[in-house]
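Novice: Numbers in the numbering used here are just positions in the sequence shown, counted from 1, shifted up by 188.
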Amino acid sequence: MSLMGWSGTVEEMHAILSRFGHVDGLAANPAVSTAAATYDSDVDMATAVGERDETLRRMRAVADGPERDFLKRALQRLRSEMPPPGPDAHMMRSVRVPDPGRELAQWLAQRVDRTNEQPPQVPQIHAFGSSSIPQSRRSSAARAQYFGWIDPSLVATTPDHEQWGYFDRSEPVRRSLDEFCVTLYAADTPALLEAWIDRIVIGDLHQPVQLERVEGPAGPLYRVIGDGTHRAHFARVFNLPLFGRIQTSTRPTELWPIDRPSLPGAAFGRWKSLWEGLQRHKLLKVEPSPGDEAWTPTHITAEWMLTEPESATAANRLYDAVYPGALREATGLSAAQLFSTAGWSEMLLGPERHVPVEEYLPRGAMASRASSGRSWASLRRWLAATSAGRGDIDPRL
Numbered sequence: 189m190s191l192m193g194w195s196g197t198v199e200e201m202h203a204i205l206s207r208f209g210h211v212d213g214l215a216a217n218p219a220v221s222t223a224a225a226t227y228d229s230d231v232d233m234a235t236a237v238g239e240r241d242e243t244l245r246r247m248r249a250v251a252d253g254p255e256r257d258f259l260k261r262a263l264q265r266l267r268s269e270m271p272p273p274g275p276d277a278h279m280m281r282s283v284r285v286p287d288p289g290r291e292l293a294q295w296l297a298q299r300v301d302r303t304n305e306q307p308p309q310v311p312q313i314h315a316f317g318s319s320s321i322p323q324s325r326r327s328s329a330a331r332a333q334y335f336g337w338i339d340p341s342l343v344a345t346t347p348d349h350e351q352w353g354y355f356d357r358s359e360p361v362r363r364s365l366d367e368f369c370v371t372l373y374a375a376d377t378p379a380l381l382e383a384w385i386d387r388i389v390i391g392d393l394h395q396p397v398q399l400e401r402v403e404g405p406a407g408p409l410y411r412v413i414g415d416g417t418h419r420a421h422f423a424r425v426f427n428l429p430l431f432g433r434i435q436t437s438t439r440p441t442e443l444w445p446i447d448r449p450s451l452p453g454a455a456f457g458r459w460k461s462l463w464e465g466l467q468r469h470k471l472l473k474v475e476p477s478p479g480d481e482a483w484t485p486t487h488i489t490a491e492w493m494l495t496e497p498e499s500a501t502a503a504n505r506l507y508d509a510v511y512p513g514a515l516r517e518a519t520g521l522s523a524a525q526l527f528s529t530a531g532w533s534e535m536l537l538g539p540e541r542h543v544p545v546e547e548y549l550p551r552g553a554m555a556s557r558a559s560s561g562r563s564w565a566s567l568r569r570w571l572a573a574t575s576a577g578r579g580d581i582d583p584r585l
């Protein structure tokens with residue numbers, strides 16, 4: 189693996205490299221520099237946005253590895269199993285409602301349905317940098333990235349995460365799985381097949397699938413964060429190795445431990461209680477700021493555990509499907525505690541208790557609330573008093 193990255197401190201560099209098992213001997217490694225870098229060509233090269241030719245060379249070197257030969261053989265088998273497209277399939281890019289042919293469409297639908305019988309995508313596996321949990325918006329710029337091949341079953345979420353093979357887009361032909369199948373079938377010479385593989389691996393604009401790597405106790409999961417959603421779906425449906433530009437997830441940011449009342453239909457708000465529960469079960473360690481207004485995580489078993497219970501348990505179930513038993517071994521928790529939303533919530537939060545809204549309001553807000561109540565009472569009395577001479581005012585007000 190050719191890992192390139194940049195961090196503001198040596199400590200951040202150690203933290204990033206430790207995700208890949210590099211925990212010792214950094215000073216002796218000639219490829220690792222602890223010298224201060226200004227934001228110029230040094231940083232540009234480290235973030236792979238500097239020398240384009242060098243970046244393309246590195247990308248091509250990994251893309252043409254042994255996995256490409258495996259992919260080629262898998263595609264040849266897939267093409268031999270595929271029904272021929274229909275007579276109008278060649279017009280897929282020129283009509284509003286593309287028609288790949290009934291037999292091909294049915295065959296593809298069966299493969300998609302079979303994939304969706306397996307553990308589904310989850311809405312979220314990352315926590316740091318997410319707007320869904322209360323945390324500081326100031327995050328470390330430290331990142332690392334590399335080009336690599338992954339097992340498609342490790343892709344946990346994409347921008348179209350409701351179901352595999354379905355896309356919430358206004359352009360029905362844009363990079364659809366139907367189009368991939370039609371063009372693969374048409375790649376009937378070695379040269380055409382190689383060109384087709386380049387298109388799905390590297391992309392039309394030299395943009396491979398953009399992935400973010402989120403760590404877990406036995407290995408990572410991945411989420412699609414940019415270009416490549418359709419290619420990721422195609423790889424998952426047909427169990428094909430997936431090539432991508434992979435970046436590390438955001439370094440831990442300050443969490444804001446707040447609790448809000450749990451009201452019917454409202455978003456989850458008991459964040460402080462949830463994170464205190466994670467700490468009790470040794471799934472999270474934090475360093476509180478002065479005044480306990482912010483917590484900086486120093487250890488987390490898996491960052492998706494910081495999210496609300498339904499999201500966390502969905503990710504736990506998916507992780508167990510691809511790394512069987514790993515979470516139970518790492519945490520010592522039972523399947524009911526890890527994979528049931530009710531069990532997870534009860535373990536971390538305890539039984540739901542009713543908390544008066546007043547407990548969450550500043551003191552000044554209570555006086556304002558009482559004043560507002562008196563104003564409404566006065567208005568109702570005035571309406572009742574004036575309704576005696578006006579039949580169009582309801583005295584029940």
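Every residue, glycine too, gets a C-beta built ideally from N, C-alpha and C.
1) How far does the beta strand (DSSP E) with PHE335 in it reach, from first residue to last?
2) Keeping to the same chain, check which residues put their C-beta closer than 7 Å to that of HIS542; ignore five residues upstream and five downstream.
3) Note down the Cα distance separating ALA203 from SER528, rounded to an integer number of angstroms.
4) How long is the line joining the alpha carbons of PRO308 and PRO340, rounded to whole angstroms?
5) Do you know offhand how far TRP463's Cα is from GLU481's?
6) Kindly give me the distance between the Cβ atoms of LEU342 and PRO408, rounded to whole angstroms, as I take these residues to be in contact under 8 Å.
7) Would you please state the rounded distance, in angstroms, between the beta carbons of LEU399 and ILE413? I believe it to be under 8 Å.
8) Which of the three DSSP states is assigned to ARG557 in this structure?
9) Is the region 429-441 touching the region 364-378, taking contact as three or more C-beta pairs under 8 Å?
10) Please state whether DSSP places ASP508 in a helix, a strand or coil.
11) Measure the C-alpha to C-alpha separation of TYR373 and SER268 and round it to an integer number of angstroms.
12) Within the present structure, is the beta-carbon of HIS349 separated from the nearest heavy atom of the ligand ADP by less than 7 Å?
13) Would PRO378 pass as a contact of PHE431 if the rule is Cβ separation under 8 Å?
14) Kindly indicate which three-state DSSP category PRO254 falls into: helix, strand or coil?
15) Counting Cβ pairs, one atom from each stretch, are 3 or more of them under 8 Å apart for the region 452-459 and the region 284-300?
16) So, are the CB atoms of THR303 and VAL425 less than 8 Å apart?
17) First and last residue of the beta strand (DSSP E) that includes GLY432?
Specialist: Straight from the coordinates:
1) 331-338
2) Caution applies to HIS542, whose pLDDT of 48 falls short of 50 and renders its modelled position unreliable; the value that the coordinates give is listed next. Nothing listed; no residue qualifies.
3) 32 Å
4) 13 Å
5) 14 Å
6) 7 Å
7) 7 Å
8) Legend: pLDDT at ARG557 = 47, less than 50; position of this residue unreliable, value from coordinates given subsequently. In the structure shown, ARG557 sits in a helix (DSSP, three-state: H, G or I).
9) no
10) helix
11) 9 Å
12) The model on display carries no ligand, and the ligand ADP is accordingly not part of it.
13) no
14) helix
15) no
16) yes
17) 430-436
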